[in-house]
Structure formats: structure tokens, C-alpha cells
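Chains A and B, in that order, are what the protein sequence lines are. Read in my numbering, the first sequence has 121 at position 137, and its numbers run on one by one without any break. Read in my numbering, the second sequence has 162 at position 178, and its numbers run on one by one without any break. Just so you know, even glycine gets a beta-carbon here, dropped at the ideal spot from N, CA and C. Just below is one structure, and these are the notes that go with it.
Protein chains: 2
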Amino acid sequence: MSTRVSVRDVARAAGVSIGSVSRVLNDSGYASAALRKAVLDAVTRLGYEPDHTARQLRTGHTRAVGYLLPDISNPAMAMHLSAVERLLREAGYSLLIGSSETPARDQELLRYFENHRLEGVIALPVAEYPDPSTCPFTACGLPIVLVDRELGHPFDSVLVDHRLGIGQAVEYLVTLGHQRIALFASSVATRPGREKLAGYREALDRAGLAFDEALVYLPDQWLESPRERMSAILQLSRPPTALISIGTHMLSAAVRVARERGLDIPRDLSVIGIGTTEMLELMYPPVTSLRYSFERSSQACVRLMLERISGAAAGPAQQVMVYPELVMGGSCARPRCAA
Amino acid sequence: MSTRVSVRDVARAAGVSIGSVSRVLNDSGYASAALRKAVLDAVTRLGYEPDHTARQLRTGHTRAVGYLLPDISNPAMAMHLSAVERLLREAGYSLLIGSSETPARDQELLRYFENHRLEGVIALPVAEYPDPSTCPFTACGLPIVLVDRELGHPFDSVLVDHRLGIGQAVEYLVTLGHQRIALFASSVATRPGREKLAGYREALDRAGLAFDEALVYLPDQWLESPRERMSAILQLSRPPTALISIGTHMLSAAVRVARERGLDIPRDLSVIGIGTTEMLELMYPPVTSLRYSFERSSQACVRLMLERISGAAAGPAQQVMVYPELVMGGSCARPRCAA
DNA sequence: TTGTATGCGTTATCAT
DNA sequence: ATGATAACGCATACAA
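In C-alpha cells, the structure reads:
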């Protein structure tokens, strides 16, 4: 591999100074038409491409942001990542990804991002830090946009209104006549699970239904699998007639257990999924589900990030709320023996 | 934000020269125990972190590789990406991702990666370039590892033996008594579709069955949706009794059409999916499917890349083959009226 | 309008 | 064994 051509080579070939080359290429300062042409000709002739590393060292900006997430292979996260990457690239930024399965990795990755002089971090921390003084995000000097997480200290963030969404789902099921509704969601250790549980309880209250702990599965650790829990729930003296569940894994496990027991969907069990269409299309009947737009969420993320980087937003942390909607499928019906 | 601490600050605080600081930190050259301690103390006291950009400019290596893929939100690709990211990071490298939906973007991204001085590129090009002289990958000076693609010019690559996999799937169905087997896969414009078609034809030949073009759907453009095609296929005078299909989207669409027509799986239609467990678990009965290990594929990718970067592999391009296996579910049965 | 010179933070090559 | 200094490729303040 021959050594790359630099500004110096271009300057020599064009018979001008390196300063002039730089000025023409960056449209900074004055440059006569003749000089301009000479430089541009030399550039194309030599196939010059500026070295990003050197420019970076000189100007101090990398035009790159980091994306910290617990698990890239999670389909929902991958879709969000995908949209963010596209939007940032359109804005001239590139994306460095880092997966952080543990809180310790959060800190490590943030330091890594800082040392690489990234200009900001979009993050879905795997855990929330109750104490701001030990929270690595608080300590990080970079602009940060949180996705559906709360970290005590106020950060720019894009939040999904899970509370509202679950409320709608529960109300819909109640309208159909359901009184025993199971909820499978993620741990209350992070915002999505916490808000879903809150929305669930609020909606039950509004409907005058009792909250039954036995019907909710919000695993902190996976001591008990969704399969096991679903089995136990179906053996209750008063089993649920409806299920609201997140994601592909939990939902598929729960539904399979139900079907293995001979239950028909929606005749014996109504089901509402939470997630994207794509994955849930596989089920038959198509599952009624709670969805929100990744596109909108990603746009908000990128907007907040760019505003913060450019300094357009210098004030306090901003929150953007994204609203889910209930998309009707064929997985819900009136319970068989409505009370 | 206060200005960062540099080697100079550390040197001053430790009462030594910047050269000594660098030597201690990089374990290069000599350093007495006393000097060593003084430097290390100053480093921790000031919280010094080396600037990656400057180091990069000086040493010429970025310890970063690019990952070029058509679509991050594709679950299979996301899983591969996820594993690659983890393995590379363990080896001290970071990953810059770039999604390229069109061939024009391939070139743009590769140039981008070159200018950013990445040390290599792992790529799943969206299209294959028949003419090596117009292939941007051939022009790219960086080490390249291709994932399940062939680009004429020999590149390091990790390939899946789709031909073998489809062969197994067809043979299994033939053993059950099927004679009309439909195939839904990606376009023959890239390797996966091409190899699948080849494996399909070979297996039919071996079984003494005729190839019927009407039963294969390998869309180049999506002029016709999987739904439409499946509808047409089921209206044939001799409709298929079995279906082999890739991915979540095609498979779910095809299966849904079949079910809407009242067909039962596996009684009226046997189904073999190609992809990962996770997604296909949603179906009931669980779908028999062709799988290969993303972990193994990713490991091979990273190994090839690191060998090429380190210079350990200086010879001709290497190919690593990954073999799929048929995982039994409950979506296949003998055809209703076996000939 | 253009050329020259300095510095970004490191590493590495020289002296000492 | 350690300290001074050049150079990586670029942008820019300043001189011309």
C-alpha cells in the first residue's frame, strides 16, 4: 500500500501553499478562482482524501457519537439503533456502538467514549443508578440522551408513555369483559417495567378490579422462567382470561404454554403483545399489540443530541414523550364465561 | 468543562519528562521503579486518560474496524453484529457501523472508513459486483472480510453452506413423502439465494423430482409480495404440500395466507423455516428449521480480520465454511395423500 | 489574496 | 535510565 497523499502533496502538485489547499477545501478565508481551480484539479488528479484523524486532533471534534445499549440482538433495540444510525449519518455523524451487559461496563464504555473524543452518547443503560454520586453517566462530561430510562439526575431523554399504553390495553380488555388480566413485563428495576406496572395498577383501580400479585411476572433475575410462571398462573383457582406481555421471548413462551394446555387464542385466552409488528406477525391469529414508532423515538433522540452538541440547547435537560397505540389484531375476544 | 489533563500535566506533576510518562504508560523502554511510581501516582491523582485521537495520529492505528451491512434491523444481521462487536471489543477493537442500502452507499462508506483510518472492514454488501473493476471493495485498501457473499475477486470470507442445508431440508421432506415443495428465499443476486436455489435443484434431482419454477419465489424486486405469491401458489392445480422459507417476514406472510385459506400446519402444509430460534418460537406448532451458529460465524469473522490486521495471515484470501443443521420442531408431517 | 509558522497530544528517536 | 525534541496531517492566526 503506497503512502497516502496529504495536503503537502496537493500543495506541491498545485504549486501553492498548504494553507491555501486547506482554505479551498474548507471554504474558509479567501481564495481566488485560479487558485481554487489549481487546488481542486490537483485534488482530483491525486485522489486526495483528508485524514480524519489529523483533522480531529486539530479541530477537536470527531463528528461521532456513541450508542450504549445492553443488547444489540434485541430486535426492538436493533430497530432503534438502525434508525438512529441512519439519521445521524444523514447529519454527518457516525455512530460507535458499545454493548454493556453490566453496570461495570457502562462506566468502562463511557470512559472509552470520552477518550475517543466522541461528541455525545445515546444510552439505554442496563440498570438505573439510584445514587447520582455513583452514576457513571453523571460523571461523564459528554452530552447524554437517555432512551426510556431515568437516572435520578436530570438528563435529556426520550421516554415512552408505557403507563398510558398499558392503561389503554387494560381498559380495552375490561370493556370486553375481562376481570383477571395477567401482566408479563420487564423488571421494575428500570423505567419500562416500573411504568407498565403503575399503568396496570391505575387501570385496575379505575375499573374497580383488585390487583393480584400472582398475575404479574416482572422478573428481576430469571430465577423462574416465563414458561414456569405461566404454568403456575394457569393452575390458579381463578386463572386469568387475558394476558398482556412484552417482547418476543416472554410472549411466545407464555402463549406456547397456554396452547400446550389446550387453550385456544382468543377463545380461552385473550392476548395483547407489546412490541413491533414484524415479530408478532408470526402468530396466528395476528396479535393485538401496543406499539410505538421507533422512527419518532429515534428522531427525537437525534434531535436532542444534535441540539446539545451544537449548543442550540444549553438549558436544562429536556424530555420528549412518545405515545404507544393499540393496534388491533385478532387475539382478543370476550371471555368465555363473562362474570 | 475544564480542559483535559495531558501527558505534559502528568510530567509536571510527577517532576519528570513527558517522554518518561509515555514510556511508563506504554511499557516501552526503560523506567526505574521510582520513576514508575512517581508517574503512576501522578496519573491516578490527576485522573489522566490518554487521548486516543492523538495516539492514533502518531501511531497510525485506530484499533477500530468498520461493519458494513444493508440493514441493522434485520434480526439475523443484528445478532451477527452483536457477536462481532463483543468479540472485537474483547480483542481491544471498537466497531463503527454503517448501513448501506444501495451499492452507491457501499463505495461512500468504504471511503469513509478509509479516511477514518479504520483497520479493516467486515461487510455484508447489499449487492454483488459482477465486474471486479467497478467493485468498490476491490478498490478499498483495507483488509476485508465478507460475510456470506462472493464478489468475484477473492476476499477473506465466512460462508454458510446453504446448499447443504437446503439439501437436508428437501431430503427430509422427501423422506416424509412430499413431492411438491415450495421454496421462498432471497434473490439469486446474492450468494444466499443462489446457493439455496442450487441446493434445492440438486436435491430434487437426487430424489428424481421435477423442478417447477412456479413453486419458487426468489424476489429480485418486490413486485409481488410473499402474500400474493403464496396465494397464487396455493391456487395451482397441484399445490405444494411443503414449504421451505427464510426469515420472519416471508415465512410469516406465507404461513398466514395458508392459514387464512383454512390449511392446517402440519396436516395440510409442512413448513421448514430458515433462521434463528428466537423468532420462530412464536409459531405454534414450533417450526422445524434450518439454523447455523451466529457465534461460530462471528468468531471466524473476527479471527480472519485480526489475523489479517496483525499480518499473521499475509497469504491468499481464506474461506471459512459454517454448516447449518436441521432442528426438529412440529411443523412437518407426512402429506395427507402421499402418492 | 496568499504563504509561513505554530500547535493539537502523542509516540519515538535521538542525545545525555 | 532519562530528558529534549521531532513528527504524525491538518487548520488557522498572523505576516506579507
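Assuming R245 of chain A is part of the alpha helix (DSSP H), what are its boundary residues? Locating residue 245 of chain A in the first sequence gives position 261, counting from the first residue. Run containing R245 of chain A: none; DSSP gives neither H nor E here.
Can you tell me where the alpha helix (DSSP H) holding E69 of chain A begins and where it ends? As a working note, residue 69 of chain A is residue 85 in the first sequence. Taken as a continuous stretch (DSSP letters only), the alpha helix (DSSP H) holding E69 of chain A covers 59 to 74.
| request: Report the neighbours of Q40 of chain A on chain B: residues whose CB is nearer than 7 Å to its CB, in chain order. | output: Position 56 of the first sequence, counted from the first residue, corresponds to residue 40 of chain A. What Q40 of chain A touches in chain B: T37.
Helix, strand or coil for A323 of chain B, going by three-state DSSP, please let me know.
In the second sequence, the residue the question calls residue 323 of chain B occupies position 339. With a pLDDT of only 43 at A323 of chain B, under the threshold of 50, the placement of this residue in the model should not be trusted, and no figure is reported.
**Asked** Residues bridged to T272 of chain B by DSSP?
**Response** Residue 272 of chain B sits at position 288 when you count from the first residue of the second sequence. For T272 of chain B, which the question treats as bridged, DSSP gives the partners B:I256.
When you compare the CB positions of L102 of chain A and V49 of chain A, do they come within less than 8 Å of one another, or not?
Locating residue 102 of chain A in the first sequence gives position 118, counting from the first residue. Locating residue 49 of chain A in the first sequence gives position 65, counting from the first residue. Yes, these two residues count as a Cβ contact at 8 Å.
Using the rule of at least 16 other Cβ atoms within 10 Å of the residue's Cβ for burial, across every protein chain shown, is I256 of chain A buried or exposed? For the purposes of this step, residue 256 of chain A is taken as the residue at position 272 of the first sequence. Per the 10 Å Cβ criterion, buried.
Q) What did DSSP end up calling V172 of chain B once you bin it into helix, strand or coil? A) Taking the second sequence and counting its residues from 1, one reaches residue 172 of chain B at position 188. It is coil, neither helix nor strand.
| said: Using only the alpha-carbon positions, how far apart do L329 of chain A and A216 of chain A sit? | reply: Only positions -15 to 323 of chain A appear in the structure, and residue 329 of chain A is not among them; the question remains open.
* **Straight-line gap, K80 of chain A to I81 of chain B (C-alpha atoms, nearest Å)** => Mapped onto the first sequence, residue 80 of chain A falls at position 96. Mapped onto the second sequence, residue 81 of chain B falls at position 97. In the sequence as presented, Lys is not what sits at residue 80 of chain A; that position holds Leu. Cα to Cα, L80 of chain A sits roughly 7 Å from I81 of chain B.
State buried or exposed for G31 of chain B, treating a residue as buried only when at least 16 other CB atoms are found within 10 Å of its CB. Reading the second sequence from its first residue, position 47 is the one you call residue 31 of chain B. Classification for G31 of chain B: exposed.
Quiz item: Got a sec: which bits of the stretch 61 to 72 of chain A sit with their beta carbon under 7 Å from any beta carbon on chain B, in order along the chain?
Solution: A62, M63, L65, S66, E69, R70
Restricting to runs no shorter than 4 residues, where is the alpha helix (DSSP H) found entirely within the stretch 190 to 255 of chain B?
210 to 218, 232 to 244
Self-check item: L188 of chain A versus A:L227, A:E155, A:C124, A:A297, residue with shortest Cα-Cα distance
Solution: Taking the first residue of the first sequence as 1, we reach residue 188 of chain A at position 204. It is A:E155 whose Cα lies nearest to the Cα of L188 of chain A.
Can you tell which of A:M305, A:S117, A:C321, A:A18 has the C-alpha that lies nearest to the C-alpha of T225 of chain A? Looking up residue 225 of chain A in the first sequence gives position 241. Checked all of A:M305, A:S117, A:C321, A:A18; the closest Cα to T225 of chain A is A:C321.
Q.
Let's see if you can read the secondary structure: which residues bound the beta strand (DSSP E) around E309 of chain B?
A. Within the second sequence, residue 309 of chain B is the residue found at index 325, counting from 1. Counting along the chain, the beta strand (DSSP E) containing E309 of chain B begins and ends at 309 to 311.
- Proximal residues, the stretch 232 to 255 of chain A versus chain B, C-beta separation under 8 Å: T232, H233, L235, S236, A237, V239, R240, R243
**Prompt:** Can S84 of chain A and L52 of chain A be called in contact, C-beta distance under 8 Å?
**Reply:** Indexing the first sequence from 1 puts residue 84 of chain A at position 100. Indexing the first sequence from 1 puts residue 52 of chain A at position 68. Their beta carbons are under 8 Å apart, which means S84 of chain A touches L52 of chain A by this criterion.
Task: For M(-15) of chain B, the three-state DSSP class (helix, strand or coil) - done: Within the second sequence, the letter at position 1 stands for residue -15 of chain B. Summary for M(-15) of chain B: the model assigns pLDDT 41, below 50, so the residue's position carries little reliability, and this model does not support an answer.
* To do: Leaving aside the five residues before and after P319 of chain A along the sequence, list all residues of the same chain whose C-beta is less than 6 Å from its C-beta, in chain order.
  => In the first sequence, the residue the question calls residue 319 of chain A occupies position 335. These residues qualify, in order along the chain: G161, H162, T225.
**Message:** Quick check on R95 of chain A - is its C-beta less than 8 Å from some C-beta in chain B?
**Reply:** What you label residue 95 of chain A is simply residue 111 of the first sequence in a count that begins at 1. With 8 Å as the cut-off, R95 of chain A counts as an interface residue toward chain B.
- request: Can you tell me which of A:R133, A:V158, A:D145, A:L93 puts its alpha carbon nearest to the alpha carbon of L126 of chain A?
  value: The residue you call residue 126 of chain A lines up with position 142 of the first sequence. That would be A:L93, whose Cα lies nearest to the Cα of L126 of chain A.
| task | Find out if the Cβ-Cβ distance for the pair R133 of chain B, T159 of chain B is shorter than 8 Å. | result | Here residue 133 of chain B refers to the residue found at position 149 when the second sequence is read from its first residue. Here residue 159 of chain B refers to the residue found at position 175 when the second sequence is read from its first residue. Contact: no.
Note down, in chain order, every chain A residue with its Cβ under 8 Å from the Cβ of L212 of chain B. Taking the second sequence and counting its residues from 1, the one referred to as residue 212 of chain B is at position 228. At residue 212 of chain B the sequence reads Glu, which differs from the Leu that was named. The contacting residues do not exist; E212 of chain B stays about 16 Å from chain A at best.
Taking 8 Å as the CB-CB cut-off, is H146 of chain B touching chain A?
Numbered from 1 along the second sequence, position 162 holds the residue referred to as residue 146 of chain B. With 8 Å as the cut-off, H146 of chain B does not count as an interface residue toward chain A.
Can a CB atom of chain A be found closer than 8 Å to the CB of E33 of chain B? Residue 33 of chain B sits at position 49 when you count from the first residue of the second sequence. At least one chain A Cβ lies under 8 Å of E33 of chain B.
Looking at the structure shown, is H412 of chain A part of a helix, part of a strand, or coil, going by DSSP? Because chain A in this structure spans residues -15 to 323, residue 412 of chain A falls outside the shown range and cannot be described.
- Task: Measure from the alpha carbon of P138 of chain A to the alpha carbon of each residue in A:G295, A:C316, A:P116, A:T28, then state which is nearest.
- Result: Translated into the one-based positions of the first sequence, residue 138 of chain A becomes position 154. Out of A:G295, A:C316, A:P116, A:T28, A:P116 has the C-alpha closest to the C-alpha of P138 of chain A.
Practice prompt. For A(-3) of chain A, collect the residues of the same chain with a Cβ closer than 8 Å to its Cβ; drop the 5 residues on either side in sequence, then sort them by chain order.
Written response: The residue labelled residue -3 of chain A in the question sits at position 13 within the first sequence. Cβ within range, chain order: A26, R29, L30.
Q. Within this structure, are the beta carbons of S151 of chain B and I293 of chain B separated by less than 8 Å?
A. Locating residue 151 of chain B in the second sequence gives position 167, where the first residue counts as 1. Locating residue 293 of chain B in the second sequence gives position 309, where the first residue counts as 1. Strictly speaking, residue 151 of chain B in this sequence is Gly, with Ser absent from that position. Going by C-beta atoms, G151 of chain B is not nearer than 8 Å to I293 of chain B.
So with CB distances below 8 Å, who are the chain A contacts of R101 of chain B? Here residue 101 of chain B refers to the residue found at position 117 when the second sequence is read from its first residue. Chain A residues near R101 of chain B: D35, H36, T37.
Q. Y113 of chain B and L135 of chain B: beta carbons closer than 8 Å?
A. Indexing the second sequence from 1 puts residue 113 of chain B at position 129. Indexing the second sequence from 1 puts residue 135 of chain B at position 151. Contact: yes.
*From the DSSP output, read off the bridge partner residues of G82 of chain B.*
What you label residue 82 of chain B is simply residue 98 of the second sequence in a count that begins at 1. Note: G82 of chain B sits in a beta bridge opposite B:L52.
*Between E98 of chain A and chain B, is there a C-beta pair that is closer than 8 Å?*
Residue numbering aside, residue 98 of chain A sits at position 114 when the first sequence is read from its first letter. It does; some Cβ of chain B falls within 8 Å.
Could you give the DSSP three-state label for Q163 of chain A: helix, strand or coil?
Here the question's residue 163 of chain A lines up with position 179 in the first sequence. Looking at Q163 of chain A - three-state DSSP - the assignment turns out to be coil, as it is neither helix nor strand.
> Okay, do the stretch 245 to 254 of chain A and the stretch 178 to 192 of chain A touch, 3+ Cβ pairs below 8 Å being the bar?
Replying inline: no
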